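Numbering-wise (our numbering), the sequence shown opens with residue 1 and increments by one.
Virtual Cβ for every residue (Gly too), placed ideally from N, Cα, C.
Remember, it's a predicted structure, so these values are computed and weren't measured experimentally.
As structure tokens, the structure follows; a few thoughts come after it.
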Amino acid sequence: MTIVINMREGPDERGLRVAARLIRNGKLVAFPTETVYGLGASALDETAARRIFEAKGRPPDNPLIAHIAGMEWLEDLAREIPDTAWKLAERFWPGPLTLVLPAKETVPRVTTGGLDTVAVRMPAHPIALELIRMSGIPVAAPSANISGKPSPTDAEHVVDDFYGRIECIIDGGPTPLGVESTVIDLTGEKPLLLRPGGLPLEDIERVVGEVEIHPAVRGEVVDVAKAPGMKYRHYAPRAEVVVVEGNRAAVGRKIDELIVEFRGRGLKVGVIAMDEHEADAFFHLGKTSEEAARNLFRALRELDRAGVDVIIAQGVEEKGLGLAVMNRLRKAAGFKIIRA
Ligand code: TXA
Ligand code: MG
Numbered sequence: 001m002t003i004v005i006n007m008r009e010g011p012d013e014r015g016l017r018v019a020a021r022l023i024r025n026g027k028l029v030a031f032p033t034e035t036v037y038g039l040g041a042s043a044l045d046e047t048a049a050r051r052i053f054e055a056k057g058r059p060p061d062n063p064l065i066a067h068i069a070g071m072e073w074l075e076d077l078a079r080e081i082p083d084t085a086w087k088l089a090e091r092f093w094p095g096p097l098t099l100v101l102p103a104k105e106t107v108p109r110v111t112t113g114g115l116d117t118v119a120v121r122m123p124a125h126p127i128a129l130e131l132i133r134m135s136g137i138p139v140a141a142p143s144a145n146i147s148g149k150p151s152p153t154d155a156e157h158v159v160d161d162f163y164g165r166i167e168c169i170i171d172g173g174p175t176p177l178g179v180e181s182t183v184i185d186l187t188g189e190k191p192l193l194l195r196p197g198g199l200p201l202e203d204i205e206r207v208v209g210e211v212e213i214h215p216a217v218r219g220e221v222v223d224v225a226k227a228p229g230m231k232y233r234h235y236a237p238r239a240e241v242v243v244v245e246g247n248r249a250a251v252g253r254k255i256d257e258l259i260v261e262f263r264g265r266g267l268k269v270g271v272i273a274m275d276e277h278e279a280d281a282f283f284h285l286g287k288t289s290e291e292a293a294r295n296l297f298r299a300l301r302e303l304d305r306a307g308v309d310v311i312i313a314q315g316v317e318e319k320g321l322g323l324a325v326m327n328r329l330r331k332a333a334g335f336k337i338i339r340a
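Have a look at this one:
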């Protein structure tokens, strides 16, 4: 049975107490964060962590992020914490930043996907933060979607994927950022970006200087040992996705051409873009990269619901949150990119 707790008006003390007790008892609780909904369970309980993988259908070598509610919790999970980690944590926690560090022995290797590193983040959403604080233990929480599907940015997405299969869903309404946290690996010589996300790379570089970008971020095939999440298909709706990139005007013309071409083949066409297009279904991404980030996953889910066969997406500029948006779009497209 799944209890759905309504906190759309804000954190509710009694509901949080119920959910925190479930976490302490090894149960699964989905909750809103400022990025996307997380599917939470105790990060220190091997059996609970294993249930997360089972519920999502997630490959066991794709590690989970441990969510904490206080700076001092970091030392319970990680060792050899470099200055850059403290600097980034001081500046950006709570917030959409995940740090990969050497793991303490006490962190179950189920949680870390078998690695000797652990990913840690302190979320900024008041419901998430209070839930973790009241649980009193780090909470492992991947995005609360069936593995491979678009991440959930509203409780109804979590209900669609997990109702009846987990103990609790906290409904906190739509998530403010809409893309997952930025993941930075601090175990090497230089900080390494493993996943662009809700905290712009530019902001991070202002604090720690130049950050290397893992080649898989841009879709290049690489040694995936360090970034196990990268080898799996992601954010994929049922429909085929193509991304059109290049000069904005040329992209607009190309999208119109493609709409005609696909419809000529009898396909139902959906478009996700910042500029208007006539298609069988259209989802406006918004005007800024922040709006695009907030709307992207909902757009993919809604076009699926509209029953389109193919989704054409307009590329956006890779600045600020645009880097995260393009990374998600290219992955959703399985890197089928059309240059205009
Ligand atoms: O915003 C977020 O980060 C959301 C919310 C719920 O906090 N969580 C989330 O978790 O996106 P998930 O599991 O969907 O994505 C975690 C990413 C994966 O790409 C995973 O491979 C990577 O972080 N990751 C986790 N631990 C890692 C580690 N030790 N080394 C390298 N990558 C790691
Ligand atoms: Mg995910």
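In whole angstroms, what is the alpha-carbon distance linking residue i and residue j?
i    : j    : result
E90  : R50  : 31 angstroms
D160 : E189 : 42 angstroms
T175 : I312 : 25 angstroms
T14  : D83  : It is worth fixing the name first, because residue 14 is Arg in this sequence and not Thr. The alpha-carbon atoms of R14 and D83 are separated by roughly 39 angstroms.
A43  : V183 : 18 angstroms
G198 : L321 : 6 angstroms
F53  : A250 : 43 angstroms
Using 7 angstroms as the cut-off, classify the Cβ of residue i as near or not near the heavy atoms of the ligand TXA, replying yes or no.
i    : result
E130 : no
E317 : no
A19  : no
H125 : no
R301 : no
R218 : no
V36  : yes
I65  : yes
D76  : no
L194 : yes
L115 : yes
N62  : yes
A49  : no
Taking only heavy atoms of the ligand MG into account, decide whether any of them is closer than 7 angstroms to the Cβ of residue i.
i    : result
P142 : yes
E212 : no
S181 : no
S151 : yes
Who are the Cβ neighbours of residue i in its own chain at under 7 angstroms, not counting the five residues just before and after it?
i    : result
E302 : F283
G114 : D61
R263 : V269
V207 : K87, L88 and R91
I132 : H67, I68, A69 and V139
S135 : A20, I23 and R24
G307 : K268
One question on the structure: do residue i and residue j come within less than 8 angstroms of each other, judged by their Cβ atoms?
i    : j    : result
L296 : G148 : no
A140 : T111 : yes
S181 : R238 : no
V107 : A119 : no
G164 : P32  : no
G219 : F335 : yes
L74  : I81  : yes
A293 : V325 : yes
Could you name the residues of the same chain whose beta carbon sits closer than 6 angstroms to that of residue i, not counting the 5 residues immediately before and after it, in chain order?
i    : result
E240 : V310
V158 : A30, Y37, A144, P152 and I169
K27  : E167
In its own chain, which residues sit with a C-beta less than 8 angstroms from the C-beta of residue i, not counting the 5 before and 5 after it?
i    : result
G246 : K254, G315, R339 and A340
I259 : V269, V271, H277, E278, A279 and I312
Does the beta carbon of residue i sit closer than 8 angstroms to a beta carbon anywhere in chain D?
i    : result
E189 : No chain D appears in this structure, which consists of one protein chain only.
In chain order, which beta strand (DSSP E) runs of at least 3 residues are fully inside the region 19–65? 29–32 and 37–42
In the region 193–279, which residue ranges form an unbroken beta strand (DSSP E) of at least 3 residues, counting only runs that do not cross its ends? 240–245 and 269–273
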